[in-house]
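In the working numbering, the protein residues as written are 67 to 207.
Below is one structure, written out as structure tokens; the observations come after it.
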Ligand code: SF4
Ligand code: FES
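Structure, rendered in structure tokens:
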């Protein structure tokens, strides 16, 4: 299996965790905190330009789980058992919230936490999950 790419950016207190392969739309986060997310610069996430509360509020809105965070010195939080909820993202994936046990077409089982984005457009290279391909494919629905 391919190793997932994970990058971390800290503001000294909170560390932003970024998993590029999970991102499902281009730049919602950039719209919310342009002083932090600068796609044209390196590093593209400049966590020190926002407060811990600002970062928390914005990261909790990332629907794909591409962005997450942890606080320095705090135990990594175990996934809180959430109510299972399903939501259709217009022109994008099906979002399922909650702890899920997903079995793929080959019978492999994986546990997913928090938010899982399932491909609705058929173009994902990482089915059954969304990999952002719907944007390029111009999927409508
Ligand atoms: S999925 Fe998350 S990381 Fe990707 S653009 Fe949307 S908010 Fe940003
Ligand atoms: S819905 Fe996102 S790749 Fe298909």
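No residue lacks a Cβ here, since even glycine has one placed at the ideal position from N, Cα and C.
Asked                                                                                                                                         : Found
The beta strand (DSSP E) spanning residue 137 covers which residue range?                                                                     : 133-137
Classify residue 159: buried if its beta carbon has 16 or more other beta carbons within 10 angstroms, exposed otherwise.                     : buried
Do residue 70 and residue 87 count as a contact pair if the criterion is CB distance below 8 Å?                                               : yes
Just confirm the distance between the C-beta atoms of residue 109 and residue 75, as a whole number of angstroms; I'd bet it's less than 8 Å. : 6 Å
Are the beta-carbon atoms of residue 101 and residue 77 separated by less than 8 Å?                                                           : no
Would you identify the three-state DSSP class for residue 118, choosing helix, strand or coil?                                                : helix
Find the nearest neighbour of residue 195 within the set 162, 134, 95, judged by alpha-carbon distance.                                       : 162
Could you tell me the distance, in whole angstroms, from the CA atom of residue 157 to the CA atom of residue 121?                            : 26 Å
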